[in-house]
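For any residue, its number in the working numbering is found by taking its place in the sequence shown, counting from 1, and adding 533.
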Amino acid sequence: MARSSASYAIRMNSSAAGGEKGSSSEQKAPPPPPPKGGNGPLLLLALAAAAGGGYYYYTNSPSMGATVKSAARATKEDYQKVYDAIAKKLEDEDEYEDGSYGPLLVRLAWHSSGTYDKSQNNGGSGLGTMRFDKEANYPANLGLDVGKKFLQSIHDQFPWISYGDLYTLGGACAVQELQGPTIHWRPGRVDQPIEATIPDGRLPDGGQGASHVRDVFYRMGFTDREIVALIGAHALGRCHTDRSGFDGPWTFSPTVFTNDFYNLLLNEKWHVRKWNGPKQYQDDTTNSLMMLPADMSMVTDKEFKKYVEMYAKDSDLWFKDFGAAYEKLIELGVKFPENQERWTFKSRNGAQ
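(1) Return the chain-ordered list of same chain residues with a C-beta closer than 8 Å to the C-beta of His745, the five sequence neighbours on each side being excluded.
(2) Taking C-beta to C-beta, are Gln709 and Leu660 nearer than 8 Å?
(3) Near Glu668, which residues of its chain fall below 7 Å by C-beta distance, leaving aside the five closest residues on each side in sequence?
(4) With distances taken from CA atoms, which of Ala705, Ile863, Lys609, Glu610 is nearest Asn882?
(5) Using the Cα positions of Gly721 and Lys868, report the straight-line distance between them to the nearest angstrom.
(6) Is the segment 853 to 863 close to the segment 802 to 809, with three or more CB pairs under 8 Å?
(7) Buried or exposed: where does Tyr792 fall if 16 or more other Cβ atoms within 10 Å of its Cβ makes it buried?
(8) Note the first and the last residue of the continuous alpha helix (DSSP H) segment covering Asp689.
(9) Assign Gln712 to one of three DSSP states: helix, strand, or coil.
(10) Between which two residues does the beta strand (DSSP E) holding Trp803 run?
(11) Counting beta carbon pairs with one atom in the segment 797 to 804 and one in the segment 814 to 824, are three or more of them shorter than 8 Å?
(12) DSSP three-state label for Trp876, please.
(13) State buried or exposed for Ser686, treating a residue as buried only when at least 16 other CB atoms are found within 10 Å of its CB.
(14) Taking the straight line between their C-alpha atoms, what separation do you get for Lys838 and Gly742?
(15) Please classify Arg771 as buried or exposed, where buried requires at least 16 neighbouring CB atoms within 10 angstroms.
(16) Roughly how many angstroms separate the alpha carbons of Met831 and Gly632, rounded to a whole number?
(17) According to DSSP, what are the bridge partners of Cys706?
(18) Would you verify that the beta carbon of Gln690 is, or is not, closer than 8 Å to some beta carbon of chain D?
(19) What are the uninterrupted segments assigned as alpha helix (DSSP H) that are 4 or more residues long and contained completely in the segment 714 to 795, given in chain order?
(20) Go ahead and pull the three-state DSSP assignment for Ala827.
(21) Could you check what DSSP says for Asn655 in three-state terms: helix, strand or coil?
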C-alpha cells in the first residue's frame, strides 16, 4: 500500500515490517549457466528459464556445489515440506512484535501480487521481482525486507523454489497458521530479471478514500465485495511511523484471523487522532487502536458498508470470501503450467 502499513488490503506496514535493506545476494539475477564441459542439459534448462519457460536448475555442477532439485519436478509433498519449514519457523521465532512474523508474510505476498494491471496484463507475483531491492524499496513496501529475510533461510534450504512461489506460499502459510481460512495454492511462478520490475505507484494509499481504493482494486479485476473481504486482513498487524507514517494496530489480537476489524468499524466510535503524523482515526474507548482513512471509507461508502455488515455478522462467510479473494490475488497475471492443480496444505496451527 502506498502510505499505510499492514497485512494487505491497503498498503499497511503489518506486524513485521522492519527496515532492513535486502542483502546484496538478493540483488543478483539468477546464476548464469555453468561453464562448458559436459553440462549440456543444464545449459538448456537455463536457457529455457531465461525465455520464461521453466526454472533454473543445476545438478552435480562443480560450480554450484550440492545437487539442487528442479522446481519443474517438485511434487505436492515437496511443497508441503516448504510449507512445514515456514510454519515451524513462524512457531519457533515468536520474538517479533506482537509475537509473530505472520502478518508481514501476508503483506509480502499481497504486495508481490498487487502490482497486476489487467488492462496491460502485466505485473503480479509471477515475476518474482520483489526479491530485488528496486521493488522492495518502493515507499509502499518499506519493511518488507524483514519478511524477505525471514524467508531467505527457507530458500537456502529449498533453493529450487522460485521467489515468486516462495513469497506467495509464505502468505498462504501465514493465513492458515494465524487461524485463518484454508488457502488453495499452486506453483508455477518463474522469476524474471530485474528489468521486468513494474514501476512504482500501483499499490493502494491508505490515506485516501473509496474512489482511490476502487481505482486500485478494479485495475486488478476485483469487485466491491472482494475489496471489502480483502481489507478485512487488517485484523492482522499494525502500522509503523518509520514506514508508512501511520501508527498502531487495528485490533486487540493482531496475530489472529478474526472478523474484529469489521465489528470495530461498525460498533466502536472513532475520532481523528491529534498528533503530528498523517490523518488517522483512534478509538474512543481505549485510544489504542487505529483506522486509516481508507478503512473508514468501508463504512462511509454505502456499497462497501453492506459487505462490512455481512462480514461482521458472519465470520464463516468472511473466511470463505477472503480465502477466494486471496487466492485470486496471488495468482493475478501468473502463467501457470497447463493442468497445474491447486493444492491445500496441512497446517500446524489453524486450517485443515
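For glycine and all other residues, C-beta sits at the position ideal for the given N, C-alpha and C.
Here the structure is a predicted model, which is why all the values come from computation and not from measurement.
This is what the structure holds:
(1) The residues are Pro737, Asp738, Ala827.
(2) The Cβ atoms of Gln709 and Leu660 do not sit closer than 8 Å to each other.
(3) Taking Glu668 as the centre and dropping the five residues before and after it, the same chain places the C-beta of Thr662, Asn674, Thr730 closer than 7 Å to its C-beta, in chain order.
(4) Distance from the Cα of Asn882 is smallest, within the candidate group Ala705, Ile863, Lys609, Glu610, for Ala705.
(5) If you draw a straight line from the Cα of Gly721 to the Cα of Lys868, it is about 7 Å long.
(6) The segment 853 to 863, when compared against the segment 802 to 809, does not touch it at the 8 Å Cβ threshold.
(7) Inspection of the sequence shows that residue 792 is occupied by Asn rather than by Tyr. That one is buried.
(8) Judged by DSSP secondary structure, Asp689 falls within the alpha helix (DSSP H) whose first and last residues are 677 to 690.
(9) In this structure, Gln712 counts as coil in the three-state DSSP scheme.
(10) For Trp803, the enclosing beta strand (DSSP E) covers residues 803 to 805.
(11) Verdict: yes, contact present.
(12) In this structure, Trp876 counts as strand in the three-state DSSP scheme.
(13) Counting Cβ neighbours within 10 Å, Ser686 comes out exposed, since fewer than 16 surround it.
(14) Distance between the alpha carbons of Lys838 and Gly742: 13 Å.
(15) Burial of Arg771 is indicated by the presence of at least 16 other C-beta atoms within 10 angstroms of its C-beta.
(16) Cα-Cα distance, rounded: 28 Å.
(17) Residue pairing by DSSP leaves Cys706 without any beta bridge partner.
(18) Among the chains of the structure shown, chain D does not appear; only one protein chain is present.
(19) Every unbroken stretch of the alpha helix (DSSP H) spanning 4 or more residues and falling wholly within the segment 714 to 795 is given here in chain order: 743 to 753, 757 to 764.
(20) The answer is helix: DSSP assigns Ala827 an H, G or I state.
(21) DSSP places Asn655 in strand when its eight states are reduced to three.
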